[in-house]
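Okay, so here's the structure we're looking at.
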Amino acid sequence: MNRTCPRLFIIVPCYNEEAVLPTTAPMFLDELSLLQETGRIDGDSRVLFVNDGSRDRTWSIIEELSHQDPRVQGISQSRNRGHQNAVLAGLMESIGRCDVTISIDCDGQDDIHAMEKMLDEYLAGSDVVYGVRSSRDTDTFIKRFTAESFYKFLRSMGAEVIFNHADYRLMSARVIEAFSEYHEVNLFLRGLIPLVGFRSTSVYYERHERLAGESHYPLHKMIALAFDGITSLSTRPIRIITLFGLVMALLSLIGILWIVLRACTGHTVAGWASTACIVCFMGGVQSFFLGVIGEYIGKIYLETKHRPRYILSECTDEMQEGPEKAEDPS
Ligand code: UDP
Ligand code: MG
């Protein structure tokens with residue numbers, strides 16, 4: 024792995040971004056020049072734009088840019104698949120072509136200069152560097168409130184996410200290769216990357232306003248992403264159902280004892296006690312059993328993802344060479 028002067032790919036997902044791309048593309052290229060001049064990256068580094076099935080002029084702008092400057096490269100998805108998928112396409116297509124990647128949105132909201140700190144961390148030995156927003160002053164109150172609640176809720180539901188980190192992130196080639204072993208289709212990158220492991224750190228930056236165009240993440244998409252994040256990363260909701268079922272079963276047991284007591288002391292009308300007992304018993308037992316079945320479904324769900332069971336980050340020389348062939352006994 025090249026830690027001295029790595030070849031960098033800046034991966035930029037774009038969906039209907041004709042308004043902002045002509046402004047931000049030169050900014051990415053300037054940053055690439057700056058990183059090269061300061062000896063942080065190799066001259067062969069690239070900006071890779073991923074057109075996510077845009078319906079406007081985004082792809083033709085990318086093509087024009089790549090004709091003007093060979094450091095601009097582009098790939099285009101056959102249709103719109105969403106931000107997470109566009110970043111994934113860029114990461115996967117970078118395999119074998121570079122030593123390190125940085126993914127960043129194309130709207131200029133994330134501070135491009137944080138890349139310098141990210142690369143310094145990479146050169147110092149980190150394989151993943153998370154870009155974390157130091158404040159959300161430029162966001163509207165609603166955006167800030169929903170976004171921060173989103174991270175807190177995700178964490179409480181068992182998804183390991185870095186607070187206030189979106190998808191502005193440096194990843195080394197070996198992390199991307201290890202990540203390519205995660206074959207799941209429901210993607211929530213900021214929850215999945217921490218699962219891959221390796222040495223990681225964070226750099227902090229101020230988030231700006233969008234330079235032009237409009238956000239593609241209204242509230243309903245945020246809620247869908249949160250739901251996707253929780254259900255893709257955690258089976259904790261199922262555990263909550265099981266616990267709820269257990270509590271219901273215990274409460275119904277207490278209910279049954281109380282009903283029997285009422286019946287024995289003659290405070291009931293004929294037929295009430297038996298009916299109420301059956302209702303309590305069935306309610307409690309059913310919700311508990313549903314939770315137990317859910318636990319098994321949760322296990323099946325995790326198995327179907329076929330996630331790698333282990334990922335190595337280091338090994339001693341002999342282990343790197345691979346196993347020696349056993350002697351043929353004949
Ligand atoms: N994006 C994408 N596909 C989509 C939606 C968004 O590739 O279906 C890109 C978009 O072009 C931008 C990034 O994802 O580069 C983040 O989107 P946006 O800025 O609209 O989200 P926000 O910053 O408002 O959460
Ligand atoms: Mg944005």
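Numbering of the sequence shown is given in my numbering, commencing with residue 24 and proceeding in unit increments. Note that beta-carbon positions come from the ideal geometry of N, C-alpha and C, so glycine has one too.
**Q.** Cutoff 8 angstroms; reference H239; Cβ partners in own chain excluding five residues on either side
**A.** Y38, N39 and H106
Q. So does N187 have its beta carbon nearer than 7 angstroms to some heavy atom of ligand 1?
A. no
Q. Taking the runs of the alpha helix (DSSP H) that are 4 residues or longer, which of them lie wholly in the segment 157–198?
A. 164–179
Q. Three or more beta-carbon pairs under 8 angstroms between the segment 180–197 and the segment 89–96, yes or no?
A. no
Q: Could you name the residues that DSSP lists as bridge partners for T124?
A: F32 and M194
Q: With hydrogens ignored, establish whether the beta-carbon of S238 is closer than 7 angstroms to any heavy atom of ligand 2.
A: yes
Q: Could you check how far apart the C-beta atoms of G268 and L313 are, in whole angstroms? I think they sit under 8 angstroms.
A: 6 angstroms
Q) According to DSSP, what are the bridge partners of V155? A) H188 and Y227
Q | The beta strand (DSSP E) enclosing G306, as first and last residue numbers | A | Counting along the chain, G306 falls outside any beta strand (DSSP E), though it belongs to the alpha helix (DSSP H) covering W295 to T327.
Q) Going by the beta-carbon positions, is the gap between R30 and D67 smaller than 8 angstroms? A) yes
Q | Three-state secondary structure assigned by DSSP to V110 | A | helix
Q: Give me the Cβ distance between K328 and E207, rounded to the nearest whole Å; I'm assuming they're in contact under 8 angstroms.
A: 5 angstroms
Q | Boundaries (first-last residue) of the beta strand (DSSP E) holding I98 | A | V95 to S99
Q) Would you report the Cα separation of C300 and T163, rounded to the nearest angstrom? A) 53 angstroms
Q.
Just to confirm, is the Cβ distance from V35 to C121 under 8 angstroms?
A. no
Q) Between which two residues does the beta strand (DSSP E) containing F51 stretch? A) That residue, F51, is in no beta strand (DSSP E); its alpha helix (DSSP H) goes L44 to E60.
Q: Ignore the nearest five residues each way along the sequence and tell me which others in F311's own chain have a CB closer than 6 angstroms to its CB.
A: G268, L269 and A272
Q: Kindly give me the distance between the Cβ atoms of Q100 and G119, rounded to whole angstroms, as I take these residues to be in contact under 8 angstroms.
A: Not really, about 20 angstroms apart at Cβ, beyond 8 angstroms.
**Q.** Three-state secondary structure assigned by DSSP to V292
**A.** coil
(Q) Would the segment 136–149 count as touching the segment 204–218 if we require 3 or more Cβ pairs under 8 angstroms? (A) no
Q: Using alpha carbons as the reference points, say which of D251, I316, T288 and I282 lies closest to A296.
A: I282
Q) Can you tell me the Cα-Cα spacing of F211 and L177, whole angstroms? A) 11 angstroms
Q) Cα separation between E262 and G321? A) In the sequence on display, residue 262 carries Arg and not Glu. Whole-angstrom Cα-Cα distance: 9 angstroms.
Q. Do the CB positions of V152 and L193 come within less than 8 angstroms of each other?
A. yes
Q.
Between which residues of its own chain and D79 is the CB-CB distance below 6 angstroms, once the five residues before and five after are set aside?
A. N39 and E41
Q: Quick one: measure Cβ to Cβ for S275 and G307, integer angstroms, because I've assumed they're closer than 8 angstroms.
A: 3 angstroms
Q.
Once DSSP output is grouped into helix, strand and coil, what is the label at I92?
A. In the sequence as presented, Ile is not what sits at residue 92; that position holds Asp. Residue state, collapsed to three classes: coil.
Q. Who's in the neighbourhood of ligand 2, going by beta-carbon under 5 angstroms from any heavy atom, listed in chain order?
A. D128, D130 and Q132
Q. What number of angstroms, rounded off, separates the C-alpha of F250 from the C-alpha of G289?
A. 51 angstroms
Q: Measure the alpha-carbon distance for R330 versus F304 and round it to whole angstroms.
A: 40 angstroms
**Q.** DSSP three-state assignment for L71, whether helix, strand or coil
**A.** strand
Q: Measure the C-alpha to C-alpha separation of T339 and G345 and round it to an integer number of angstroms.
A: 11 angstroms
(Q) At the level of alpha carbons, what is the spacing between G131 and T254? (A) 31 angstroms
**Q.** Collapsed DSSP secondary structure at D79 in the structure displayed
**A.** coil
**Q.** Close Cβ partners of A201 (< 6 angstroms) along its chain, the five nearest in sequence each way excluded
**A.** V219 and I334
Q. Since V155 contacts I125 with CB under 8 angstroms, what's their CB separation in whole angstroms?
A. Not quite, the Cβ-Cβ distance comes to about 14 angstroms (not below 8 angstroms), so this is no contact.
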